[in-house]
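Peer 1: After the structure tokens below, expect a handful of questions from me.
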């Protein structure tokens, strides 16, 4: 029965994707991307990936929509040009689809426990997590400890992307006159909408609190630094949308955000170096405390904190970079 | 019984999707997204019980929050766009 | 046992409300009637369905989480509808008959 | 039932190619980025699908459960989603700069200006 639900959701997913590509209004496309992301997350949930669904929910439906809208406000929302080489493109795409579908007949069936994927490291992680790390959420265990190098790399990619956006968008624009419309105060936010403003202000602390819960409960349930970073960034973005961007920058100035971006990545690296100084390998948490398992717990909490701080900082920096460019 | 409720939410998600595709105005699309979000929250809550893992309700909570933020962001975008339109017309005349 | 029956009734009513809301959002003739159908049934269905599950869950931490979800939905969903309606009104889409979708053609 | 087990992979193929079509055929740069994120989502779906084990549950240990899905693909995709949004943001940043320098985000206009 569950697999039928999955099939239904996947069909909706394909329809949404077709509509996104087909529509001419970029604004409609971005809104449909929100639906696409919700569907995607529901699918992840049905496929037993609670952590991934949480990430997709926090990032895809919220932050991604906000960023795309911020870019649309700066570039215009109508697609003008006709598609180029439509027939060739369609031909290539159809042939490739058929080839990939033909290839799938050799793949193991959905949910097959004998599939090659489940033969190698996956079962080992599941088996060793209670013994070596002793936290219930094996996703967090693999993310933070078994594959700590990977995650360190990903954090630095996020960090680099954030720095890149700041570089690109903090250059002074020559084409844009300083203020096209001096009468309108830039970034006023939704001050005229009383109801959302009052309710939104009421909600922000709870969203924040929930972000912290996701951050520190990541060892026991779905959650962790990546998700928490996105949720906390979403809370601040909500504040910026309701009260105006200037107000949000007064609460969390750009300088602080830049420190957060660098500080989180550094905290992650520092945990690794601390392991080396205490006589272990890089990112070896066993030596952080007298008991190896307690050391693992400390290490995972610290690196998740680093991840969370960096993700929050980068997402907010990117948001402010787009917002400062336009008037959103 | 859980299955029946899940089925109802799934069908409604499809209906909301049709509304989002048809439009016609942007507000209809936003309405559809908002509706879709609420239905996803209900879907997740019910399916979490169906799976016997009710600790995954955290997910539904995140959805409820993020959905609201998304709608607010879209409205803010529309407001900014309307203001820009007015100021451009003012400059043109 | 009685609790089971009550919870099944709540769940099935909730499912019905969800479906009716979906139909309304699809079939109603203009934006404001669609919004009316969608937002009212949304709230009611959330109360019924989550109430039904809460009865099944009993007095545990799960019930508290469900209550939080319900509270969140009860606060945000009408607020979003209100904001949407006021944005639509401000943009010049007035709830008159027949002319509602004229703006889309202009865009 | 046999074919139903392959449906996930077919959806992956179709989504992948829908995204690819947007990237190669649509002249608008933002549309290309949206296509790229659909492409990305298709890959995410493939990974998560492969990690699923029939009758299993999410890899968060609970008493009385013996079969868990594979945590490794989930870890890879979890981080990939966050990296994906950062790179998309970088792409959007470049698009915004292109708009400011060229006055357009349509491929034709940009190429026309470059040839001059």
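Chains as they are written, first to last, in our numbering: chain Y, 1 to 328; chain C, 1001 to 1093; chain U, 2001 to 2107; chain V, 3001 to 3116. The beta carbon of each residue, even a glycine, is placed where N, CA and C say it ideally should be. Predicted model only: the values in this text are computed from it and were never measured.
Beta-carbon of residue 3043/V versus every beta-carbon of chain Y: anything under 8 Å?
Peer 2: no
Peer 1: Using a Cβ-Cβ cut-off of less than 8 Å, give me the residues of the segment 1020 to 1048 of chain C that come near chain V, in sequence order.
Peer 2: none
Peer 1: Under 7 Å Cβ-Cβ, which residues of chain C neighbour residue 3057/V?
Peer 2: 1051, 1053
Peer 1: Exposed or buried, which one is residue 82/Y when buried takes at least 16 other CB atoms within 10 Å?
Peer 2: When all chains shown are included, residue 82/Y counts as exposed.
Peer 1: So for residue 78/Y, helix, strand or coil by DSSP?
Peer 2: strand
Peer 1: Starting from the beta carbon of residue 25/Y, find every residue of chain V whose beta carbon is closer than 8 Å, and list them in chain order.
Peer 2: Here the premise fails: no neighbours, minimum Cβ distance about 11 Å.
Peer 1: Kindly confirm or deny that the segment 3015 to 3031 of chain V and the segment 101 to 117 of chain Y touch, where touching means at least three C-beta pairs closer than 8 Å.
Peer 2: Contact fails: fewer than three Cβ-Cβ distances are below 8 Å.
Peer 1: In the segment 64 to 137 of chain Y, which residue ranges form an unbroken alpha helix (DSSP H) of at least 4 residues, counting only runs that do not cross its ends?
Peer 2: 65 to 75, 86 to 104, 121 to 128
Peer 1: Can you confirm whether residue 2035/U, when its beta carbon is compared against all beta carbons of chain C, has any partner nearer than 8 Å?
Peer 2: Judged by the 8 Å Cβ criterion, residue 2035/U is in contact with chain C.
Peer 1: Assess contact between the segment 293 to 313 of chain Y and the segment 220 to 231 of chain Y, defined as three or more Cβ pairs (one per stretch) separated by less than 8 Å. Is contact present?
Peer 2: Yes, they touch.
Peer 1: Using 8 Å as the limit for Cβ to Cβ distance, is residue 35/Y near chain D?
Peer 2: No chain D is present in this structure, whose protein chains are Y, C, U and V.
Peer 1: Is the beta carbon of residue 138/Y closer than 8 Å to that of residue 299/Y?
Peer 2: no
Peer 1: Less than 8 Å between the C-beta atoms of residue 50/Y and residue 1056/C, yes or no?
Peer 2: yes
Peer 1: Could you say which of 5/Y, 32/Y, 168/Y lies nearest to residue 1044/C if we only look at CA atoms?
Peer 2: 5/Y
Peer 1: Is the Cβ of residue 63/Y closer than 8 Å to any Cβ of chain V?
Peer 2: yes
Peer 1: So which residues on chain U does residue 193/Y lean against when the C-beta distance must stay under 8 Å?
Peer 2: 2083, 2086, 2087
Peer 1: Give me the Cα-Cα distance between residue 249/Y and residue 200/Y, rounded to the nearest whole angstrom.
Peer 2: 18 Å
Peer 1: Could you round the C-beta distance between residue 241/Y and residue 1014/C to whole angstroms and report it? I think they count as a contact, below 8 Å.
Peer 2: Actually they are not in contact, since the Cβ atoms of residue 241/Y and residue 1014/C sit about 30 Å apart, beyond 8 Å.
Peer 1: Compile a chain-ordered list of the residues in the segment 265 to 290 of chain Y whose CB is closer than 7 Å to at least one CB of chain V.
Peer 2: none
Peer 1: What residues in the segment 1058 to 1078 of chain C have a beta carbon less than 8 Å from any beta carbon of chain Y?
Peer 2: Per Cβ criterion, the list reads 1058, 1059, 1061, 1062, 1063, 1065, 1066, 1067, 1068, 1069, 1070, 1072, 1073, 1074, 1075, 1076, 1077.
Peer 1: At 4 residues or longer, and completely inside the segment 230 to 273 of chain Y: list those alpha helix (DSSP H) runs for me, N to C.
Peer 2: 245 to 251
Peer 1: Please confirm if residue 2075/U has its CB atom under 8 Å from at least one CB of chain Y.
Peer 2: yes
Peer 1: Span of the alpha helix (DSSP H) holding residue 320/Y?
Peer 2: Counting along the chain, the unbroken alpha helix (DSSP H) around residue 320/Y starts and ends at 292 to 325.
Peer 1: Could you check whether residue 1028/C and residue 2031/U sit closer than 8 Å to each other, using their CB atoms as the reference points?
Peer 2: yes
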